[in-house]
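92 is the number that the working numbering gives to position 98 of the sequence shown; each next residue is one higher, with no gaps.
Backbone N, C-alpha and C fix where the C-beta goes; we use that ideal spot for every residue, glycine too.
Owing to the predicted nature of the structure, the values given are computational and were not obtained by experimental measurement.
For reference, the structure is listed below as structure tokens.
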Amino acid sequence: MRVRKLSDVRTDILLLIGQATLIVCCIAFIIFDYNVNIAPDKRVAEEFAVTSCVVTDKSMAIVGRVVHRYRADFRVTYATEMGSKSSVASANGMDFSYTTNQAAQQEYLDEFDIGGDYPCWYDPEKTSTVVLVLRHNWYSTLPLILPTLVALIMLVYMVRALMDLFEIYRTYKKRG
């Protein structure tokens, strides 16, 4: 292996710092996305108690003046270990955010009838939290593919850069 100039070593170190920064950003995004989109749905499936809900009211919540965003809301009554409870559930699991897709939200409203009896899930620790529609699907993991690939590629390049720097260090140490 030929000995490179000091400027090449500086470039390698700067690239290594950039690669490490990119890996940290990718990992931070993966953790954030998991905590926001996957973990709440997993918690509902694993920890919430199943019961029967009666839809007492339903409505389309609309926000925004120029660009309208929509959310199907349901008032439900359900039995818990603490007695009968009444709460509001959205059509998107525990997520109460709004979407621009009015047609999808209208489908949820049409799917549930007032007075209808449907399965639902409530949090045994906080019985006012109820889920009428489980949200988990494979689409929630799609945003994790790109940052995972980038992090893996950067990891390979970081290992290569560290090996190059170690080889340069060993060469200089043998000379000096």
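| query | result |
| --- | --- |
| Among Leu128, Asp67, Lys120 and Pro141, nearest to isoleucine 32 - alpha-carbon criterion | Leu128 |
| Test item: CB-CB of cysteine 20 and valine 144 under 8 Å | yes |
| Secondary structure of serine 46, DSSP reduced to three states | strand |
| Complete runs of the beta strand (DSSP E) confined to the region 95 to 169 [at least 3 residues] | 111 to 116 |
| Where phenylalanine 90 falls: helix, strand or coil (DSSP) | coil |
| CB contact flag (arginine 65, threonine 93, <8 Å) | yes |
| Inter-residue spacing [alpha-carbon to alpha-carbon] between glutamate 101 and threonine 121 | 27 Å |
| Alanine 43 classed as buried or exposed, judged by whether at least 16 other C-beta atoms fall within 10 angstroms | exposed |
| Residues near isoleucine 17 by beta carbon distance below 6 Å, same chain, minus five either side | Ala145 and Met148 |
| Pairwise C-alpha distance: aspartate 107 and valine 150 | 54 Å |
| Span separating the alpha-carbon of aspartate 111 from that of threonine 15 | 52 Å |
| Close Cβ partners of alanine 73 (< 6 Å) along its chain, the five nearest in sequence each way excluded | Thr45 |
| CB of proline 137 within 8 Å of CB of aspartate 35, strictly | no |
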